[in-house]
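Numbering (the working numbering), first residue to last: 1 to 382.
Note that CB positions come from ideal geometry on N, CA and C, so glycine has one too.
Heads up: the structure comes next, in structure tokens.
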Amino acid sequence: MAWPVLANGLVLGVAALATILARGDPDQFRLLVQEDGALEWCTFWAFLLAAGVGVANVSRELRQRRLPWWSAGLALFCFLVAMEEISWGQRLLGYRPPVYFLENNFQQEFNFHNVTPSKLRKLALSGIIAGYGIVLPLLLLIRPLQAWAVRLGVVAPPLALVPSFGVVLVFYRVSTFRFRTEWVELLLGGCFLFAMLAAGALRIGGLRSIELVRAGAVLTASILVLGLGVGSANWSAASRLTPELRELAQRELESLDHDLREIAARQGRAFVTKCGLHHRLYTFVRKRKYDADDLRTLQFASSSGPEVARERIDFFLDPWNSPYWIQDRCSKDRSRRTVFVYSFGPNRRRDSTRWEVAGDDLGSYVAAVENSSFSLRSRSPS
Numbered sequence: 001m002a003w004p005v006l007a008n009g010l011v012l013g014v015a016a017l018a019t020i021l022a023r024g025d026p027d028q029f030r031l032l033v034q035e036d037g038a039l040e041w042c043t044f045w046a047f048l049l050a051a052g053v054g055v056a057n058v059s060r061e062l063r064q065r066r067l068p069w070w071s072a073g074l075a076l077f078c079f080l081v082a083m084e085e086i087s088w089g090q091r092l093l094g095y096r097p098p099v100y101f102l103e104n105n106f107q108q109e110f111n112f113h114n115v116t117p118s119k120l121r122k123l124a125l126s127g128i129i130a131g132y133g134i135v136l137p138l139l140l141l142i143r144p145l146q147a148w149a150v151r152l153g154v155v156a157p158p159l160a161l162v163p164s165f166g167v168v169l170v171f172y173r174v175s176t177f178r179f180r181t182e183w184v185e186l187l188l189g190g191c192f193l194f195a196m197l198a199a200g201a202l203r204i205g206g207l208r209s210i211e212l213v214r215a216g217a218v219l220t221a222s223i224l225v226l227g228l229g230v231g232s233a234n235w236s237a238a239s240r241l242t243p244e245l246r247e248l249a250q251r252e253l254e255s256l257d258h259d260l261r262e263i264a265a266r267q268g269r270a271f272v273t274k275c276g277l278h279h280r281l282y283t284f285v286r287k288r289k290y291d292a293d294d295l296r297t298l299q300f301a302s303s304s305g306p307e308v309a310r311e312r313i314d315f316f317l318d319p320w321n322s323p324y325w326i327q328d329r330c331s332k333d334r335s336r337r338t339v340f341v342y343s344f345g346p347n348r349r350r351d352s353t354r355w356e357v358a359g360d361d362l363g364s365y366v367a368a369v370e371n372s373s374f375s376l377r378s379r380s381p382s
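Spelled out as structure tokens, the structure:
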């Protein structure tokens with residue numbers, strides 16, 4: 001039983017790593033869960049490889065003159081999840097989503113799951129984990145149901161993977177830290193991949209050591225997911241290094257900085273934000289914190305140039321068609337406060353910390369407070 005130990009150990013290990021990072025190293029945790037990062041790409045490759053194995057299983061069933069509707073459905077499901085994970089290539093290719101998604105998707109991305117009500121998404125995810133990974137294998141322990149499933153072509157995950165799906169379900173329902181869903185998606189992708197591989201090995205004839213085949217497949221697939229995920233994240237970041245766009249983004253950020261301070265001055269306030277705020281700028285505007293048209297008609301709009309599509313201005317998108325963000329952080333004793341607007345930059349993922357613009361990100365500091373000494377001096381990172 002080497003392969004179940006390996007598969008369950010990998011799933012449990014990743015869940016433990018996520019918990020340790022969330023509690024012990026929040027900054028590193030935040031970097032890992034960002035869009036277009038290694039975690040997201042690993043999830044994409046896990047589901048895409050699962051889809052590929054599913055297609056191989058479909059082909060094998062067709063050669064056996066069986067109707068592979070179940071395997072085909074699983075392969076299609078895994079493919080759709082993989083493409084949703086990378087927003088159908090939006091950040092990779094840098095295209096602007098249709099206006100409907102800019103208005104109704106809180107992440108301003110071209111995907112469908114984020115325009116679905118949150119409660120429905122959570123219910124569906126829990127149902128898939130529990131129904132496919134736990135309930136179905138246990139039900140097929142009943143012999144009449146097992147025979148019925150064989151006749152219909154239903155292939156359940158191996159009973160040995162029930163602990164893995166159980167870990168994912170408990171991790172999802174019990175954990176309370178933010179962004180845990182990103183890790184749940186990776187874990188679920190691994191579970192689907194392992195289940196597909198096990199189903200494929202089950203149908204390989206003439207091999208005495210099916211367990212060894214499964215163990216080798218699980219190990220190889222895990223290494224592939226990690227290698228392809230990290231490699232894709234690095235390649236994606238390196239492919240978007242355009243000095244002209246960086247200069248344009250920095251100019252727009254400084255204009256947003258100027259406009260935010262001007263709006264605050266009009267209102268007789270030091271800040272237009274509150275401590276603890278961290279939103280996409282478009283989301284912040286929609287919450288009616290101030291007259292949104294001001295930001296669309298002041299310096300920001302003119303800094304973009306006449307050739308810029310109106311959607312970029314209306315939805316506060318950077319030159320890479322990712323959202324501009326605004327963050328307001330205060331220390332517990334209120335002696336330190338930092339407010340800045342920023343862009344994810346060419347790599348389209350957040351590198352900044354809670355207090356400063358960092359890494360590949362571009363930004364401009366709207367305001368800073370140190371030891372109760374207030375300053376409205378705008379600063380742009382080098």
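Beta-carbon gap between Val-168 and Leu-186 smaller than 7 Å = Numbered from 1 along the sequence shown, position 168 holds the residue referred to as residue 168. Numbered from 1 along the sequence shown, position 186 holds the residue referred to as residue 186. No; because the gap between Cβ atoms is not below 7 Å, this pair is not in contact.
With 16 other Cβ atoms within 10 Å as the buried cut-off, status of Ala-383 = Outside the displayed span of the chain (1 to 382) sits residue 383, for which this structure offers no information.
inquiry  = For a test of the three-state rule: what should DSSP assign to Arg-280, helix, strand or coil?
reply    = Position 280 of the sequence shown holds residue 280. Residue state, collapsed to three classes: strand.
Same chain, Cβ closer than 8 Å to Arg-208, neighbours up to 5 away in sequence not counted = In the sequence shown, counting from the first residue as 1, residue 208 sits at position 208. Note on Arg-208: pLDDT 47, under 50, position unreliable in the model; no value is reported.
C-alpha gap between Val-154 and Leu-219, whole angstroms = Residue numbering aside, residue 154 sits at position 154 when the sequence shown is read from its first letter. Residue numbering aside, residue 219 sits at position 219 when the sequence shown is read from its first letter. Roughly 26 Å separates the two Cα atoms.
Contact between the segment 270 to 277 and the segment 219 to 238 (3+ Cβ pairs under 8 Å) = Too few Cβ pairs lie closer than 8 Å, so no.
Validate contact between the segment 246 to 255 and the segment 30 to 43 using beta carbons, cut 8 Å, 3 pairs = At 8 Å Cβ cutoff, the stretches do not touch.
message = Here's the rule: buried if 16 or more other CB atoms are within 10 angstroms of the residue's CB, otherwise exposed. What is Thr-338?
response = Residue 338 sits at position 338 when you count from the first residue of the sequence shown. Buried is the label assigned to Thr-338, since at least 16 other Cβ atoms lie within 10 Å of its Cβ.
ask   = From Ile-263 to Ala-270, what distance separates their C-alpha atoms?
value = The residue you call residue 263 lines up with position 263 of the sequence shown. The residue you call residue 270 lines up with position 270 of the sequence shown. Ile-263 and Ala-270 have their alpha carbons spaced roughly 10 Å apart.
Own chain partners of Val-162 with C-beta closer than 8 Å, once the 5 adjacent residues on each side are dropped = By one-based count along the sequence shown, residue 162 stands at place 162. The beta carbon of Val-162 is closer than 8 Å to those of Gly-133, Ile-134, Pro-137, Leu-138 in its chain, skipping five residues each way along the sequence.
task = Verify whether the separation of the beta carbon atoms of Ala-156 and Leu-141 is less than 7 Å.
result = Counted from its first residue, the sequence shown places residue 156 at position 156. Counted from its first residue, the sequence shown places residue 141 at position 141. In this structure, the beta-carbon distance from Ala-156 to Leu-141 does not fall below 7 Å.
query = Is it right to say Leu-197 is buried, meaning 16 or more other beta carbons lie within 10 angstroms of its own, or is it exposed?
reply = Taking the first residue of the sequence shown as position 1, residue 197 is located at position 197. With 16 or more other Cβ atoms within 10 Å, it is buried.
Best match in Ala-50, Ala-18, Asp-25 for proximity to Arg-180 [C-alpha to C-alpha] = By one-based count along the sequence shown, residue 180 stands at place 180. The residue with the shortest Cα to Cα distance from Arg-180 is Ala-18.
task = Use the C-beta contact count for Pro-319: other C-beta atoms within 10 angstroms, 16 or more gives buried, fewer gives exposed.
result = Translated into positions along the sequence shown, residue 319 becomes position 319. Classification for Pro-319: buried.
ask   = In the structure shown, what three-state DSSP assignment does Thr-338 receive?
value = For the purposes of this step, residue 338 is taken as the residue at position 338 of the sequence shown. In this structure, Thr-338 counts as strand in the three-state DSSP scheme.
inquiry  = Pop quiz: Ala-75 and Ala-51 are said to be a contact at Cβ under 8 Å. What is the actual Cβ separation, rounded to whole angstroms?
reply    = Here residue 75 corresponds to residue number 75 of the sequence shown, with the count starting at 1. Here residue 51 corresponds to residue number 51 of the sequence shown, with the count starting at 1. Contact holds; Cβ gap of about 5 Å.
task = Apply the 10 Å Cβ neighbour rule to Leu-223 and answer buried if 16 or more other Cβ atoms are within range, or exposed otherwise.
result = Working through the sequence shown from its first residue, we reach residue 223 at position 223. Correcting the residue type first, residue 223 is Ile in the shown sequence and not Leu. The residue is exposed, with fewer than 16 neighbouring Cβ atoms inside 10 Å.
Coil, strand or helix - Ser-364 by DSSP = As a first step, residue 364 is located in the sequence shown; it is residue number 364 there, counting from the start. Looking at Ser-364 - three-state DSSP - the assignment turns out to be strand.
request  = Have a look at Leu-159, Gln-34, Ala-16, Gly-190 and flag the residue whose alpha-carbon is nearest the alpha-carbon of Val-53.
outcome  = The residue labelled residue 53 in the question sits at position 53 within the sequence shown. Nearest neighbour of Val-53 by Cα position, chosen from Leu-159, Gln-34, Ala-16, Gly-190, turns out to be Gly-190.
ask   = If you drop the 5 nearest sequence neighbours on each side, which residues of the same chain put their C-beta closer than 8 Å to that of Trp-183?
value = Here residue 183 refers to the residue found at position 183 of the sequence shown. Closer than 8 Å at Cβ, skipping near neighbours: Val-14, Ala-15, Ala-18, Val-33, Leu-39, Phe-171.
task = Taking Leu-20 as the reference, give the member of Thr-176, Ser-352, Thr-353 with the closest Cα.
result = Counted from its first residue, the sequence shown places residue 20 at position 20. Per the sequence shown, residue 20 should be read as Ile rather than Leu. The residue with the shortest Cα to Cα distance from Ile-20 is Thr-176.
message = So the candidates are Ala-82, Ser-126, Leu-193; which of them puts its Cα closest to the Cα of Phe-44?
response = Taking the sequence shown and counting its residues from 1, the one referred to as residue 44 is at position 44. The shortest Cα separation from Phe-44 among Ala-82, Ser-126, Leu-193 belongs to Ala-82.
ask   = Which one of Ser-232, Ala-7, Tyr-282, Leu-123 has the shortest CA to CA distance from Glu-109?
value = Taking the first residue of the sequence shown as position 1, residue 109 is located at position 109. When Ser-232, Ala-7, Tyr-282, Leu-123 are compared, the shortest CA-CA separation from Glu-109 is found for Tyr-282.
task = Please state whether DSSP places Asp-328 in a helix, a strand or coil.
result = Start at 1 with the first residue of the sequence shown, and residue 328 comes out as number 328. In the structure shown, Asp-328 sits in a strand (DSSP, three-state: E or B).
query = Taking DSSP as the reference, what is the three-state secondary structure of Ser-343?
reply = Counting from 1 along the sequence shown, the entry for residue 343 is found at position 343. Looking at Ser-343 - three-state DSSP - the assignment turns out to be strand.
Identity of the residue in Arg-173, Ser-164, Leu-212 nearest Leu-193 by Cα = As a working note, residue 193 is residue 193 in the sequence shown. Closest option to Leu-193, Cα to Cα, is Ser-164.
request  = Check the Cβ-Cβ distances between Leu-21 and every residue of chain B, and say whether any is below 7 Å.
outcome  = The question asks about chain B, but that chain is absent: this structure has only one protein chain.
task = Give the C-beta separation of Leu-260 and Val-341 to the nearest angstrom, bearing in mind that I take them to be a contact with Cβ-Cβ under 8 Å.
result = Position 260 of the sequence shown holds residue 260. Position 341 of the sequence shown holds residue 341. 7 Å between Cβ atoms; contact.
query = Terminal residues of the continuous alpha helix (DSSP H) containing Val-174?
reply = Locating residue 174 in the sequence shown gives position 174, where the first residue counts as 1. Here the alpha helix (DSSP H) through Val-174 covers 162 to 174.
task = Mind reading off the beta-carbon distance from Ser-126 to Arg-173? Whole number of angstroms is fine, and I expect it under 8 Å.
result = Counting from one through the sequence shown, the residue named residue 126 turns up at place 126. Counting from one through the sequence shown, the residue named residue 173 turns up at place 173. Ser-126 to Arg-173, Cβ: 7 Å. Contact.
request  = For the alpha helix (DSSP H) holding Glu-85, just list the boundary residues, first then last.
outcome  = Taking the first residue of the sequence shown as position 1, residue 85 is located at position 85. Here the alpha helix (DSSP H) through Glu-85 covers 69 to 85.
query = Can you give the Cα-Cα distance for His-344 and Arg-336, rounded to whole angstroms?
reply = As a working note, residue 344 is residue 344 in the sequence shown. As a working note, residue 336 is residue 336 in the sequence shown. The displayed chain sequence assigns Phe, not His, to residue 344. Taking the CA atoms as reference points, Phe-344 sits about 24 Å from Arg-336.
request  = Rounded to whole angstroms, what's the CA-CA distance from Trp-235 to Ser-331? Just pull it up for me.
outcome  = The count along the sequence shown starts at 1 and reaches residue 235 at position 235. The count along the sequence shown starts at 1 and reaches residue 331 at position 331. Going from the Cα of Trp-235 to the Cα of Ser-331 covers about 37 Å.
message = Closest to Ser-232 by C-alpha separation, out of Arg-60, Asn-347, Arg-65, Gly-24, would be which residue?
response = Taking the first residue of the sequence shown as 1, we reach residue 232 at position 232. That would be Asn-347, whose Cα lies nearest to the Cα of Ser-232.
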